[in-house]
Amino acid sequence: MKNCNSPENQATRCILPITCTTALAVAFTVLMPLSAHADFAMPLPMPVPANIQVPAGNKFFLVGHGAGTQNYICLPSGTAGVKYTLFTPQATLFNDDDKQITTHFFSPNPDEDGTIRATWQHSRDTSAVWAKLAPDGTSIDPAFVAPDAIPWLLLEVVGDKEGPTGGHKLTATTFIQRLNTSGGVAPSTGCNSFADVGKQAFVPYTADYFFYKKAPKRVPPDDGFHFRPLDPKSP
0 MKNCNSPENQ
10 ATRCILPITC
20 TTALAVAFTV
30 LMPLSAHADF
40 AMPLPMPVPA
50 NIQVPAGNKF
60 FLVGHGAGTQ
70 NYICLPSGTA
80 GVKYTLFTPQ
90 ATLFNDDDKQ
100 ITTHFFSPNP
110 DEDGTIRATW
120 QHSRDTSAVW
130 AKLAPDGTSI
140 DPAFVAPDAI
150 PWLLLEVVGD
160 KEGPTGGHKL
170 TATTFIQRLN
180 TSGGVAPSTG
190 CNSFADVGKQ
200 AFVPYTADYF
210 FYKKAPKRVP
220 PDDGFHFRPL
230 DPKSP
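Numbering follows numbering that gives the first Met the number 0, in which position 63 of the sequence shown is assigned residue number 62; successive positions increment by one, without gaps.
Structure follows, in structure tokens:
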């Protein structure tokens, strides 16, 4: 029988806790930078075409699963005689628990003297943001966008407003992506001649809307060491 109190076994008992402690320390050393980095990361919720990626310096913070209609009206067109023109979307956005979080429509942007823009209004605190299409912010890339679906978009926020009681759930938004679209494309019939001008079409669609805000600047950790340059006049 081995002597559990022998110097050899005592050394083993000492080595095991030290080994475990060392392993944990290494694990935390590996994990801590990843965790710290996650606070300042600029994640893409999913792969998207390069032209509608959100610029660096912005951080994803909210997603809404939208369901509604893309609403069109038949109007004269200089190139096609007449065509269906979008006059507003009308959608409700839900979170992953199927709770309503925002509504989506067109409305005048007070920050642009009433220019009509795509609008999202929070369903609880009524804060709102207005956005315009970013330069080259449309994609119909078939590798991403489903057939017979409205394009994926990158929109840049150009106005915001707090709710009447100071609500600000949406006011920090900088960019919005419209992804995972289905349906919503203007009908191919019903707007074929000037006799059809004024006809409206309400086309069901779904889409996911990803909201971004400015990412906080990363502050280097204070390691307690502060370099103090030598005074050139000191002896």
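Heads up, the beta-carbon is just placed ideally off N, CA and C, and yes, glycines get one too.
According to DSSP, which residues form a beta bridge with residue 159? Against the sequence shown, residue 159 aligns to sequence position 160. According to DSSP, residue 159 bridges with 128.
Go through its chain and collect everything with a Cβ distance to residue 109's Cβ below 7 Å, but skip five positions before and after it. To locate residue 109, count along the sequence shown from 1; it is residue 110. Counting only Cβ-Cβ distances below 7 Å, and skipping sequence neighbours, we find 158 and 160.
Are the Cβ atoms of residue 209 and residue 59 separated by less than 8 Å? Numbered from 1 along the sequence shown, position 210 holds the residue referred to as residue 209. Numbered from 1 along the sequence shown, position 60 holds the residue referred to as residue 59. A contact, by the Cβ cut-off of 8 Å.
From residue 32 to residue 50, what does the alpha carbon distance come to, in whole angstroms? Locating residue 32 in the sequence shown gives position 33, where the first residue counts as 1. Locating residue 50 in the sequence shown gives position 51, where the first residue counts as 1. Legend: pLDDT at residue 32 = 34, less than 50; position of this residue unreliable, no value from coordinates given.
Could you spell out where the beta strand (DSSP E) holding residue 58 opens and where it closes? Along the sequence shown, read from residue 1 onward, the residue named residue 58 stands at position 59. First-last of the beta strand (DSSP E) with residue 58: 57 to 76.
Residue 182 and residue 148: beta carbons closer than 8 Å? Along the sequence shown, read from residue 1 onward, the residue named residue 182 stands at position 183. Along the sequence shown, read from residue 1 onward, the residue named residue 148 stands at position 149. Cβ distance < 8 Å, so residue 182 and residue 148 count as in contact.
Quick one: any contact between the segment 59 to 78 and the segment 173 to 193, if contact means 3 or more CB pairs under 8 Å? yes
Output needed for residue 167: all residues of its chain with C-beta closer than 8 Å, excluding positions within five of it in sequence on either side, in chain order. On the sequence shown, residue 167 is found 168 positions in, with the first residue counted as 1. 124, 126 and 161, listed in sequence order.
So, with DSSP's three-state summary, where would you put residue 238? Residue 238 lies beyond the stretch modelled for the chain, which goes from 0 to 234, so this question has no answer here.
For residue 182, report the span of its beta strand (DSSP E) as first-last. By one-based count along the sequence shown, residue 182 stands at place 183. Segment 172 to 182, the beta strand (DSSP E) holding residue 182.
With a threshold of 8 Å on Cβ separation, who are the neighbours of residue 186 within its own chain once the five nearest residues in sequence on each side are excluded? Looking up residue 186 in the sequence shown gives position 187. Closer than 8 Å at Cβ, skipping near neighbours: 71, 83, 200 and 202.
Quick one, which of 145, 143, 164 and 171 has its alpha-carbon nearest residue 155's? For the purposes of this step, residue 155 is taken as residue 156 along the sequence shown, with counting starting at 1. Ranking the options by Cα distance to residue 155, first place goes to 171.
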